[in-house]
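Worksheet: the structure to be examined is printed underneath.
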Amino acid sequence: MKQYALCLLVAVCASFTNGCSQRKSVDLPNAKAERLEVLRTINVSRVETKGVYLVRSDEDLQQLTGDTVPEDVDFSTELVVIVACGECNTTGHSVEIQGMALQGDALQVFPSLSWPKGDRPVGMAITFPTHAVVIQKLAKSVNVEAVWLND
């Protein structure tokens, strides 16, 4: 009986640590592009239109979200990249930036969408899933390209 309890305890602990470990990195298309490092994730208010946005100033962020700029963003040395799903009619939707790369004059952003499975319960609510990250300011002007990994 003690061995059974010990095996059960080990299995539970192994499951717990696996669930808390960091997500494995995703293989992104375009292996020749220069990858960009995400400095940190920030919270922003809702963005109503699905898309990928490069925010270069306080004014850009206020126009896009109606929000004031988070104190930890310094637009003299940093930029904000926001990916928005737009309006969703239930809970359970999310978006995550899996990576970014610089390819010539294009900033390629690789977001993935997650949505509720058909057999899972969801809450009835209007949501606007977004993911916003801070990156180092780029030396040149770029166009933003979204490469949706599972749209």
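Residues 4 to 154 (my numbering) make up the sequence shown, in order.
Where is the CB? At the ideal position from N, CA and C, for every residue including glycine.
Treat the numbers as computed from the prediction; the structure is a model and nothing was measured.
Rounded separation between residue i and residue j - CA only
i    : j    : result
T44  : N92  : 25 Å
W118 : L82  : 28 Å
R38  : G121 : 35 Å
L64  : E90  : 19 Å
S48  : H96  : 16 Å
K53  : A135 : 13 Å
G107 : L42  : 22 Å
A104 : N46  : 22 Å
Same chain, Cβ closer than 7 Å to residue i, five either side skipped, listed in chain order
i    : result
A109 : V145, N146 and E148
E51  : G89, E90 and F131
Environment of residue i [buried if 16+ CB atoms lie within 10 Å]
i    : result
Q111 : buried
L141 : exposed
T71  : exposed
Residues of its chain near residue i, where Cβ-Cβ distance is below 6 Å and the 5 sequence neighbours each way are ignored
i    : result
V125 : T93, T94, G95 and P119
F78  : S60
Other residues of its chain near residue i: CB distance less than 8 Å, five sequence neighbours each side excluded
i    : result
K143 : D108
Length-filtered (3 minimum) beta strand (DSSP E) runs lying within the region 49 to 94: Unbroken beta strand (DSSP E) stretches of 3 residues or longer found wholly inside the region 49 to 94: 54 to 58, 81 to 87 and 91 to 93, given in chain order.
Could you tell me whether the region 67 to 86 touches the region 44 to 58, using the rule of 3 or more Cβ pairs below 8 Å? Segments in contact, yes.
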